[in-house]
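Asks: Residue numbers (the numbering used here), protein chains in the order written: chain A, 4 to 252; chain B, 15 to 240.
For reference, the structure I am asking about is given below.
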Amino acid sequence: MLKKKLFLLCSILTLVFAGQALGAEKLVNGIDANFPPFAFIDKTGQPSGFDVEAMNWIAKEIGVEVSHQPIEWDGIITSLLTKKIDIIASGMSITEERAQKVDFSVPYWVITQVMVTKKGSPLTIDEILTGKKTVGVQQGTSEAKWLKEEAAKKGWNFDLRYYSSSPLAVEDVLNGRIDAAAMDDAPAKDAVSKKDVQIVGTFGMHEEQFGYAVRKDDKELLEKVNAALTKLMASPEWNELINKYDLNK
Amino acid sequence: MSNALSVVVDSLPYLLQGSFLTIGIVVSAMLLGLAIGIFMAVGLVYGNRFIKYLLTAYVWIFRGVPVVVLLFLFYYGLFNYLGWNFSAFTAVTIVLGMTTGAYQANIFKGAILSLPRGQFKAAIGLGMSELQAIKSIILPQILRMSIPAWSNEYSIILKDSALAFVIGAPEIMARTQFVASRTYQHLSLYITAGIIYFLLTWAGVIALRKLEKYLRIPGYSHHGNQ
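Written out as structure tokens, the structure reads:
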């Protein structure tokens, strides 16, 4: 009877820790899976997107296996620092604040921030910022931080609402809960192609660059990734990817 | 309208695959909770004052703090601090297991207290040790008695498993979100997710009802005239 109980206890523990067993020597890329066209889950249920495919190419070049792990954007740097993932290749803007915690690769993309409104809405950028409107933004993004800080400085009176992903903010623009959503131009273009929204324009935020993030003590990985990334950007495959994900400016 | 439907049909295999992880989380958490619950219930009824205080504190903590707070606390906080690199699946299972363990402890404790005290005394009188009495007399009864309440716990934990998406476990809710982000078909997708969860709850409750009938001891029942 005791043996049976012991066996049961062991099987329970095995079940509980089953998820642990498969931690082999791979590169784990953390992605925001709700960020098309840079990172998302495609029709077949596989991670896909500009950054995902670029990372696959780079991993092959360096000679490691890579897997893509969806992580909540808000906690993605924490996940990197606590070694749950090894790299972040998912449309991450290089900012000073982030650079204090992680090391960035060479920049590979320039991004502008835009406002998105419902198609046919007459709102201008000025009205959105100063006309007591509600603006949605994804939590943990650089534009979220910028808007909050600039609003205080410039006296803008919009009501800032936080969302766990840009597509959710777009949904609320469509159903009228918010007047506009602020996001990177690439996912904005993606939203425009799928739903009845329009890009109004930029709202004064500086251009940013995307880079891959690694832990500060991972110097060797950073070197290898930089070398491979530079090679990729100089190769024709880079343009192929840009065309595939409709990122032409 | 057809777009909403076609997105659901296309992504259904992907969503349904998430149910493996969901079921894995629920089964593991419920079993962990069962072990914790039985152990704690026995301690709460038959233990000395010190043990009772400790166990009661545990029950209060896990009944008083929301599961989502516990998930972040354990996954990003405690496990981090201790340097334990647990996967999201393991973390969710541990948190849900400990939570349901607290509730199950109360369920089993109530069941034990509903038994006539005379049974325990008679067992001791017959020469059994306390442990033997608990194992052979008390537990078989209360485990059967508690199946309805246990199946209630099951449906609660199944629903709570959806919270695993906040720490990135690719179960049903997380997968639904991913597809919704790509396709913007929120309504049809979340209805689908709801249906999947409903079916899982329903199947589980029916299975537990069958288990209860199977385990019923003929001639001994606490169901009255049912």
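Heads up, the beta-carbon is just placed ideally off N, CA and C, and yes, glycines get one too.
For a test of the three-state rule: what should DSSP assign to residue 130 (chain B), helix, strand or coil?
Replies: Coil.
Asks: Are residue 116 (chain B) and residue 64 (chain B) closer than 8 Å when you measure CB to CB?
Replies: no
Asks: Residue 184 (chain B) touches chain A at which residues, Cβ-Cβ below 8 Å?
Replies: 73
Asks: Could you check where the alpha helix (DSSP H) with residue 70 (chain A) kicks off and where it finishes?
Replies: Looking at the DSSP string, residue 70 (chain A) is not in any alpha helix (DSSP H); the run it does join, the beta strand (DSSP E), is 69-73.
Asks: Counting only the same chain and skipping the five closest in sequence on each side, list residues whose C-beta sits under 8 Å from that of residue 34 (chain B).
Replies: none
Asks: So what does residue 175 (chain B) bridge to, in DSSP terms?
Replies: Partner(s): none; residue 175 (chain B) has no beta bridge.
Asks: Tell whether a beta-carbon distance below 8 Å holds between residue 145 (chain A) and residue 211 (chain A).
Replies: yes
Asks: Considering only DSSP beta bridges, list what residue 112 (chain A) is partnered with.
Replies: Bridge partners of residue 112 (chain A): A:213.
Asks: Could you say which of B:178, B:177, B:225 and B:168 lies nearest to residue 214 (chain B) if we only look at CA atoms?
Replies: B:168
Asks: When you compare the CB positions of residue 121 (chain B) and residue 150 (chain B), do they come within less than 8 Å of one another, or not?
Replies: Not closer than 8 Å, so no.
Asks: Got a sec: is the Cβ-Cβ distance from residue 180 (chain B) to anything in chain A below 8 Å?
Replies: yes
Asks: Give, in chain order, every unbroken run of the beta strand (DSSP E) that is at least 3 residues long and sits entirely within the stretch 176-238 of chain B.
Replies: none
Asks: Could one say the Cβ of residue 99 (chain B) lies closer than 8 Å to chain E's Cβ atoms, at least one of them?
Replies: Here chain E cannot be found, since the structure's protein chains are A and B.
Asks: What first and last residue would you give for the alpha helix (DSSP H) that runs through residue 77 (chain B)?
Replies: Where residue 77 (chain B) is concerned, the enclosing alpha helix (DSSP H) stretches over 63-78.
Asks: Beta carbons nearer than 8 Å to chain A: which residues of the stretch 15-26 of chain B have them?
Replies: Hits within the stretch, in order: 24 and 25.
Asks: Nearest to residue 59 (chain A) by alpha carbon, out of A:32, A:78 and A:75?
Replies: A:32
Asks: Please state whether DSSP places residue 88 (chain A) in a helix, a strand or coil.
Replies: coil
Asks: Between residue 195 (chain B) and chain A, is any beta-carbon pair separated by less than 8 Å?
Replies: Using beta-carbon distances, residue 195 (chain B) counts as an interface residue toward chain A, with a partner under 8 Å.
Asks: Name the chain B residues that come within less than 7 Å of residue 59 (chain A), Cβ to Cβ?
Replies: By Cβ distance, chain B contributes nothing, its closest Cβ being about 18 Å from residue 59 (chain A), past 7 Å.
Asks: By the criterion of Cβ-Cβ separation under 8 Å, what are the contact partners of residue 192 (chain B) in chain A?
Replies: Under the 8 Å cutoff, chain A gives 36, 37, 43, 44 and 73.
Asks: Anything in the stretch 41-59 of chain B with a Cβ closer than 9 Å to a Cβ of chain A? List those residues in chain order, please.
Replies: 41, 42, 43, 45, 46, 48 and 49
Asks: Would you mind telling me which residues of chain B sit closer than 8 Å to residue 174 (chain A), beta carbon to beta carbon, in chain order?
Replies: 198 and 200
Asks: Who are residue 51 (chain A)'s beta bridge partners in DSSP?
Replies: A:43
Asks: What are the residues of the stretch 159-192 of chain A that lie near chain B, defined by any Cβ-Cβ distance shorter than 9 Å?
Replies: 167, 168, 169, 170, 171, 173, 174 and 177
Asks: Give the range of the alpha helix (DSSP H) segment to which residue 28 (chain B) is assigned.
Replies: 16-60
Asks: Enumerate, from N- to C-terminal direction, the unbroken beta strand (DSSP E) stretches of 3 or more residues contained entirely within the stretch 108-192 of chain A.
Replies: If we require 3 residues or more, the beta strand (DSSP E) runs fully inside the stretch 108-192 of chain A come out as 112-114, 116-121, 137-141, 162-166 and 183-187.
Asks: Give a yes or no on whether the C-beta atoms belonging to residue 203 (chain B) and residue 22 (chain B) are separated by under 8 Å.
Replies: Yes.
Asks: For residue 69 (chain B), which residues in the same chain have their Cβ closer than 8 Å to its Cβ, ignoring the five residues on either side in sequence?
Replies: 54, 57, 58, 61 and 119
Asks: Under DSSP, the alpha helix (DSSP H) around residue 1 (chain A) begins and ends at which residues?
Replies: No information on residue 1 (chain A) is available, as it lies outside the stretch 4 to 252 that chain A covers here.
Asks: Is the separation between the beta-carbon of residue 204 (chain A) and that of residue 128 (chain A) shorter than 8 Å?
Replies: A contact, by the Cβ cut-off of 8 Å.
Asks: Any beta carbon from chain A within less than 8 Å of residue 119 (chain B)'s own beta carbon?
Replies: no
Asks: Comparing the C-beta of residue 120 (chain A) with each C-beta of chain B, is any distance below 8 Å?
Replies: no
Asks: Consult DSSP for residue 97 (chain A) and reduce its assignment to one of helix, strand or coil.
Replies: coil
Asks: Would you mind working out which of B:113, B:176, B:137 and B:100 sits nearest residue 80 (chain B), comparing C-alpha positions?
Replies: The shortest C-alpha separation from residue 80 (chain B) is found at B:113.
Asks: Can you tell me whether DSSP reads residue 32 (chain A) as helix, strand or coil?
Replies: Strand.
Asks: Please report how far the alpha carbon of residue 67 (chain B) lies from the alpha carbon of residue 50 (chain B), in whole angstroms.
Replies: 16 Å
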